[in-house]
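My numbering applies: residue 87 is where the sequence shown begins, and numbers increase by one.
Where is the CB? At the ideal position from N, CA and C, for every residue including glycine.
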Amino acid sequence: MSSSDRRAKFQQLQRRWQDTSKANRRDVLGEQAKQREASQRASRAHAFRLAKAERTLEERDLLERGEDVARHRAKTYTIEENEAWERKLEEKERSRDKGMMDFQDLAERSYQRQLKRLTPDVARYQRDKAASADEAQRDPAAYGTHAPDDDAVDRLVQHLNYEHDQIQRRSRRRDDDLDVEGTYINQRNKRFNRKIQRYFGEHTKEFRENLERGTAL
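What follows is the structure, given as structure tokens:
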């Protein structure tokens, strides 16, 4: 084997090692992000249960004294808290499922949801922008050499995990009802029929009953 062949073989092994190292780092970062998110969810769940227990005890004490729970709590709210609650209700109404939506509406809702989770670091963006401009002036081909840092990869992994959880939560698996007649040919058709029934079932109920009786025109 000549020296050039050995050099090419060495470079090939070096690239393979670099690819393996990057893949391992992504796996480690992904696992760390999952562990942090699980710990944060557990902490939030504990705080929620504690607050719920306190509200339950407060309601019991108020009812034992013969006081109105809603009136008592309304007295403790500040103007800022009341305005924040009204904004929350308005936001909940805007994000409520409005029925059948096309792909453009779904994409808009997904974009708005992701935009709320965006926490830009403006100072860092300005620094990176200035550094990129200087590097581009020195080397016009430098745009292809950028590599994200560990923090950026970590944020990307967290975002992908969050979107995956949202999809899983919205498409939760439901057990089949053995007493209901099957009207689908596969799972995709089953989900489609369920959506149609949810939004238009009350309008087509009479027509479907006529079909079953054989009296439809």
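Applying the criterion that 16 or more other CB atoms from any shown protein chain within 10 Å of the CB defines a buried residue, is residue i buried or exposed?
{"i": "Ala119", "result": "buried"}
{"i": "Val243", "result": "buried"}
{"i": "Lys291", "result": "exposed"}
{"i": "Ala302", "result": "Caution applies to Ala302, whose pLDDT of 47 falls short of 50 and renders its modelled position unreliable; the value that the coordinates give is listed next. Flag for Ala302 reads exposed."}
What are the start and end residues of the alpha helix (DSSP H) that includes residue i?
{"i": "Ile253", "result": "236-256"}
{"i": "Thr290", "result": "273-299"}
{"i": "Leu201", "result": "189-202"}
Does any heavy atom of the ligand COA sit closer than 7 Å to the C-beta of residue i?
{"i": "Ser125", "result": "As for the ligand COA, it is missing from this structure, which has no ligand bound."}
Are the CB atoms of residue i and residue j nearer to each other than 8 Å?
{"i": "Glu123", "j": "Asn296", "result": "no"}
{"i": "Arg112", "j": "Val239", "result": "yes"}
{"i": "Asp236", "j": "Leu115", "result": "yes"}
Kindly indicate if chain B contains any beta-carbon less than 8 Å away from that of residue i.
{"i": "Arg127", "result": "The structure shown contains no chain B; it holds only a single protein chain."}
For this session: Evaluate contact between the region 278-296 and the region 148-158, counting only Cβ atoms and requiring at least three cross-stretch pairs below 8 Å.
Result: Contact check between the region 278-296 and the region 148-158: fewer than three CB pairs, one atom from each, fall below 8 Å, which does not count as touching.
Exercise. Counting only runs that start and end within the region 131-183, where is the alpha helix (DSSP H) found for 4 or more residues in a row?
Worked result: 155-162, 165-181
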